[in-house]
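Q: What follows is a single structure, and I will ask about it in a moment.
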Amino acid sequence: MIDSNIKHKLLSDAPVIAPSMLKCDFGNLHREVELLDATQAPVLHWDVMDGHFVPNLSYGAMLIERVRPLTDAFFDAHLMISNPEQYVDDYIKAGCDSITVHIEALPEPQGLLDHLNQAGVLPGLAVSPQTPLEKIEPYLDSCGLVLVMSVEPGFGGQSFIKTSPEKIRQLKSMISADTILSVDGGIDTSTIGEAAQAGANYFVVGSAIFSQSDYSTAVSELARIARDQTASLT
Ligand code: DX5
Ligand code: ZN
Numbered sequence: 001m002i003d004s005n006i007k008h009k010l011l012s013d014a015p016v017i018a019p020s021m022l023k024c025d026f027g028n029l030h031r032e033v034e035l036l037d038a039t040q041a042p043v044l045h046w047d048v049m050d051g052h053f054v055p056n057l058s059y060g061a062m063l064i065e066r067v068r069p070l071t072d073a074f075f076d077a078h079l080m081i082s083n084p085e086q087y088v089d090d091y092i093k094a095g096c097d098s099i100t101v102h103i104e105a106l107p108e109p110q111g112l113l114d115h116l117n118q119a120g121v122l123p124g125l126a127v128s129p130q131t132p133l134e135k136i137e138p139y140l141d142s143c144g145l146v147l148v149m150s151v152e153p154g155f156g157g158q159s160f161i162k163t164s165p166e167k168i169r170q171l172k173s174m175i176s177a178d179t180i181l182s183v184d185g186g187i188d189t190s191t192i193g194e195a196a197q198a199g200a201n202y203f204v205v206g207s208a209i210f211s212q213s214d215y216s217t218a219v220s221e222l223a224r225i226a227r228d229q230t231a232s233l234t
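Counting in full-length UniProt numbering, the sequence shown runs from 1 upward without gaps.
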């Protein structure tokens, strides 16, 4: 079963900035991991794309498994793949701490969420921009993490979809206080505040970290803005 300490540890680190490895320098992967370890970010977010569920191909479990021994960071896998139930055990074996699948790829995910929970992995469900929240509503009690896509899945570097905060706000009202609410796509210093204000506490960030020369400063600045906006809610 999932160790509830994992979730509580992450929530105590909130707002969490989760660097999206899709945008890192793959030619210097070990160095990138070392640089990220030196930031405040406790997580690495792995965007897995299969060229079928999304029109782009990235990397898979073999690569993640090779990086696993290099860091103690929490490994958060975001599977943008068809038939995730066929491959999920590879990602468990690779050492992922949380695994998120798309409701569009697996419309009845209860069995997979239970399987992840039993394997001690934090189960996550993601919704693409066009998908209504009603589709994930029946499964929310089985999720440790829910992820709102604020761009169409498939590519880094896209612009934040402006209606995303409303979706985050609605989802926040549907989940328990200890469910992690993640937002993914187009998060930078100009958009993270509104996502935080809407209720997100976990922010996947690619371009706005990897386009900067100093990852630590980029992560701290994003966390500071998110924290300020979260604080202004109370
Ligand atoms: C998109 C991925 C995101 C993305 C984030 O399909 O899930 O994680 O790479 O990158 P930016 O921050 O550049 O939008
Ligand atoms: Zn992602």
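Note that the Cβ used here is the ideal one computed from N, Cα and C, for glycine as well.
Using a 10 Å radius around the Cβ and a threshold of 16 neighbouring Cβ atoms, would you call G27 buried or exposed?
A: As a first step, residue 27 must be located in the sequence shown, where it is residue number 27. Answer is exposed; the Cβ neighbour count stays below 16.
Q: Going straight from the alpha carbon of L35 to that of V43, what length do you get?
A: Taking the first residue of the sequence shown as 1, we reach residue 35 at position 35. Taking the first residue of the sequence shown as 1, we reach residue 43 at position 43. If you take the alpha carbons of L35 and V43, they lie about 13 Å apart.
Q: Among the residues of its own chain, which have a CB less than 8 Å from the CB of residue 251, if the five just before and after it don't count?
A: Any question about residue 251 goes unanswered here, given that the chain covers just 1 to 234.
Q: In the DSSP assignment, what residue or residues form a beta bridge with P19?
A: Here the question's residue 19 lines up with position 19 in the sequence shown. Partner(s): V205.
Q: Do you know whose CA, among A177, A195, D178, lies nearest F160's CA?
A: Translated into the one-based positions of the sequence shown, residue 160 becomes position 160. With distances taken between Cα atoms, F160 lies closest to A195.
Q: Quick check on DSSP: helix, strand or coil for residue 235?
A: Shown here, the chain extends from 1 to 234; a query on residue 235 therefore has no answer.
Q: Around the ligand ZN, which residues pass a check of Cβ closer than 6 Å to any of its heavy atoms?
A: Ordered along the chain, the selected set is S20, H45, D47, H78, D184, V204.
Q: Residues in the same chain with beta-carbon distance under 6 Å from H102, minus the five sequence neighbours each way, listed in chain order, please.
A: Sequence index remark: in the sequence shown, residue 102 carries index 102 (1-based). The answer, listed in chain order, is A126.
Q: Just to confirm my understanding: we take A14, look at its own chain, exclude 5 residues before and 5 after, and list those with CB closer than 6 Å. What are they?
A: Start at 1 with the first residue of the sequence shown, and residue 14 comes out as number 14. Result list for A14: N201, in chain order.
Q: Can F53 be considered in contact with the ligand DX5, in the sense that its beta carbon sits closer than 7 Å to one or more heavy atoms?
A: On the sequence shown, residue 53 is found 53 positions in, with the first residue counted as 1. F53 Cβ: outside cutoff for every heavy atom of the ligand DX5.
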